[in-house]
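Sequences listed follow chains A and B, in order.
Each residue of the first sequence is one higher than the last, beginning at 0 in numbering that gives the first Met the number 0.
Each residue of the second sequence is one higher than the last, beginning at 0 in numbering that gives the first Met the number 0.
Note that beta-carbon positions come from the ideal geometry of N, C-alpha and C, so glycine has one too.
As the structure is a computational prediction, the values presented were derived from the model and not from experiment.
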Amino acid sequence: MKVSLNKRILDRNDECAQKNKLFFEQNSVLCVNVISSPGSGKTTMLSRTILALKDKLKIGVIEGDIKTDTDAEKIRSTGAAAVQIETQGACHLSAVQVHDALTQIEAMDKDVIFIENVGNLVCPSAFDLGENKRVVLLSVPEGDDKPIKYPGTFAGADVILINKMDLILYIPFDLDRVLNDIRKVNPDAKVFKISAITGDGMQQWYDWLCDMTA
Amino acid sequence: MHETAVAQSIVETILVEAKKIDKKPIRAKISCGQFNALNDEVMEFAFDVASQDTACKGMKLEIHHVPLRANCKKCQNEFEFDIYSGSCPTCGNSEIEFVPDAPLLLEEIEFEDEDS
Chain A
0 MKVSLNKRIL DRNDECAQKN KLFFEQNSVL CVNVISSPGS GKTTMLSRTI LALKDKLKIG
60 VIEGDIKTDT DAEKIRSTGA AAVQIETQGA CHLSAVQVHD ALTQIEAMDK DVIFIENVGN
120 LVCPSAFDLG ENKRVVLLSV PEGDDKPIKY PGTFAGADVI LINKMDLILY IPFDLDRVLN
180 DIRKVNPDAK VFKISAITGD GMQQWYDWLC DMTA
Chain B
0 MHETAVAQSI VETILVEAKK IDKKPIRAKI SCGQFNALND EVMEFAFDVA SQDTACKGMK
60 LEIHHVPLRA NCKKCQNEFE FDIYSGSCPT CGNSEIEFVP DAPLLLEEIE FEDEDS
């Protein structure tokens, strides 16, 4: 006997994501889900962004890592509120984890909530967290083949930050190829070339963020 | 390994459905789009692990991959998207728009018949 269901498999996550989305709408909070490989510079990029915009925007950060709260500590050293979720092995954050974290950083009083997802270019993109915008970071040392190898992740991005541009002189990285491959899977994404360490190129990213919260 | 979370969700749903009609589930069919990045071997393994010690143990899981489709903005042709070419197979234009990728669906569950 066959029973036809056609039921969304991650519907419980999606239902909670809708609750989060409603929370962000009702409290005029811009929620940005930041996805990348481990070591691409998410925390450095966020720390610099918080320091640059601290007089303009109230920012809170939800940190996702398999273990440790070192990233949340780094964010707190900038003066921003941060809460660490330790996933204990899970390779992505879920909407329920984000929902629980929102109350811990008084999210309703913030202008922007960044969710720094677990470092991984595959799994996080399958889980809607209720965010308003999705940012994918790609750093030069990872290589220029990432957009075409992980098309699902790059296709879902509103903004793609190409980080560690200060290293492009020393590492074989075909920037034209990357831009071309991004266009194939996501012609509408904004692409900003940055160095979170030196600060080069960061202004256009700040401008975008301020536009989104205006 | 997001397949682990997907497998747990499938098993939970099947157990609810099995309880409703009090029958043993023997096969399930799921479908996914290209951006869900589901790997068959990992998915089957994760499903086996999630089914242990439940009524789903020993079930067969069928995974159907739905191709990604795109529309050409120039000639309006709808085609199956090939990541290696990235352009319209009819006119060669690379200005395209994706048709929304297929969702992750639990399409069907098969249960053991009374007389089997």
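Exercise. Apart from the five residues on each side of it in sequence, which residues of its chain come closer than 8 Å, Cβ to Cβ, to residue 189 of chain A?
Worked result: Around residue 189 of chain A: 157, 158, 159, 207.
Problem set entry | Other residues of its chain near residue 41 of chain B: CB distance less than 6 Å, five sequence neighbours each side excluded | For residue 41 of chain B, the CB contacts under 6 Å within the same chain, skipping 5 residues up- and downstream, are 2 in chain order.
For this session: Taking residue 194 of chain A as the reference, give the member of A:177, A:150, A:139 with the closest Cα.
Result: For residue 194 of chain A, the closest alpha carbon among the candidates A:177, A:150, A:139 is that of A:139.
Exercise. So, is the C-beta of residue 112 of chain B closer than 8 Å to a C-beta in chain A?
Worked result: Flagged as an interface residue toward chain A: residue 112 of chain B, by a C-beta distance shorter than 8 Å.
Problem set entry | From A:4, A:161, A:211, residue whose alpha carbon lies closest to that of residue 13 of chain B | Put simply, of A:4, A:161, A:211 the residue whose alpha carbon is nearest the alpha carbon of residue 13 of chain B is A:4.
Problem set entry | Contacting residues, own chain, Cβ-Cβ under 8 Å from residue 20 of chain B (five flanking each side not counted) | Cβ within range, chain order: 110.
Problem set entry | Alpha carbon of residue 11 of chain A to alpha carbon of residue 152 of chain A, nearest angstrom | Going from the Cα of residue 11 of chain A to the Cα of residue 152 of chain A covers about 21 Å.
Exercise. Where residue 25 of chain B and residue 14 of chain A are concerned, what is the direct C-alpha to C-alpha distance, given to the nearest angstrom?
Worked result: Residue 25 of chain B and residue 14 of chain A have their C-alpha atoms spaced approximately 28 Å apart.
Exercise. What are the uninterrupted segments assigned as alpha helix (DSSP H) that are 4 or more residues long and contained completely in the segment 23-103 of chain B, given in chain order?
Worked result: Within the segment 23-103 of chain B, the complete alpha helix (DSSP H) runs of at least 4 residues are 39-50.
For this session: Could you confirm whether any beta carbon from chain B is found closer than 8 Å to the beta carbon of residue 151 of chain A?
Result: Interface residue, yes.
Exercise. Taking Cβ positions only, does residue 155 of chain A come closer than 8 Å to chain B?
Worked result: With a threshold of 8 Å between beta carbons, residue 155 of chain A makes contact with chain B.
For this session: Taking only the alpha-carbon atoms, compute the straight-line gap between residue 52 of chain B and residue 126 of chain A and give it to the nearest angstrom.
Result: The alpha-carbon atoms of residue 52 of chain B and residue 126 of chain A are separated by roughly 27 Å.
Problem set entry | Local Cβ density within 10 Å of residue 91 of chain A, reported as buried at 16 or more and exposed below that | Its Cβ being crowded by 16 or more others within 10 Å, residue 91 of chain A is buried.
Problem set entry | Simplified DSSP assignment, three categories, for residue 83 of chain A | Taken through DSSP and simplified to helix, strand or coil, residue 83 of chain A comes out as strand.
For this session: Pick out the complete beta strand (DSSP E) segments inside the segment 84-166 of chain A, 3 residues or longer, and give them in chain order.
Result: With a minimum length of 3 residues, the continuous beta strand (DSSP E) runs that stay inside the segment 84-166 of chain A are 111-115, 132-138, 158-162.
Problem set entry | Beta carbon proximity, residue 41 of chain B to chain A, threshold 8 Å | Cβ-Cβ to chain A under 8 Å: no for residue 41 of chain B.
Problem set entry | Cβ pair count under 8 Å reaching 3, the segment 111-122 of chain A against the segment 19-31 of chain A | Yes: at least three Cβ pairs fall under 8 Å.
Problem set entry | Cutoff 8 Å: residue 8 of chain B Cβ touching any chain A Cβ | Residue 8 of chain B counts as touching chain A.
Problem set entry | Cα-Cα separation, residue 89 of chain A to residue 7 of chain A | Approximately 21 Å, taken between the alpha carbons.
For this session: Identify every residue that forms a DSSP beta bridge with residue 63 of chain A.
Result: Its beta-bridge partners are A:84.
For this session: Output, in sequence order along the chain, the residues in the segment 125-142 of chain A whose CB is closer than 9 Å to any CB in chain B.
Result: Within the segment 125-142 of chain A, the qualifying residues are 125, 126.
Problem set entry | Pairwise C-alpha distance: residue 83 of chain B and residue 161 of chain A | Each residue's alpha carbon lies about 22 Å from the other.
For this session: Go ahead and label residue 37 of chain A buried or exposed: buried means 16 or more other beta carbons lie within 10 angstroms of its beta carbon, across all protein chains shown.
Result: Exposed, since its Cβ has fewer than 16 Cβ neighbours within 10 Å.
Exercise. Using a Cβ-Cβ distance under 8 Å, would residue 58 of chain B count as near chain A?
Worked result: No, no contact with chain A.
Exercise. Counting along the chain, where does the beta strand (DSSP E) carrying residue 190 of chain A start and finish?
Worked result: Residues 189-192.
Exercise. With DSSP run on the structure shown, which of helix, strand or coil describes residue 28 of chain A?
Worked result: Three-state result, residue 28 of chain A: coil.
Exercise. Got a sec? Which residues, its chain only, sit under 8 Å from residue 57 of chain A by beta carbon, not counting five neighbours each side?
Worked result: Excluding sequence neighbours, residue 57 of chain A sits near 108, 109, 110, 111.
Exercise. Does the segment 37-53 of chain A come close enough to the segment 199-213 of chain A to have 3 or more Cβ pairs within less than 8 Å?
Worked result: Short answer: they touch.
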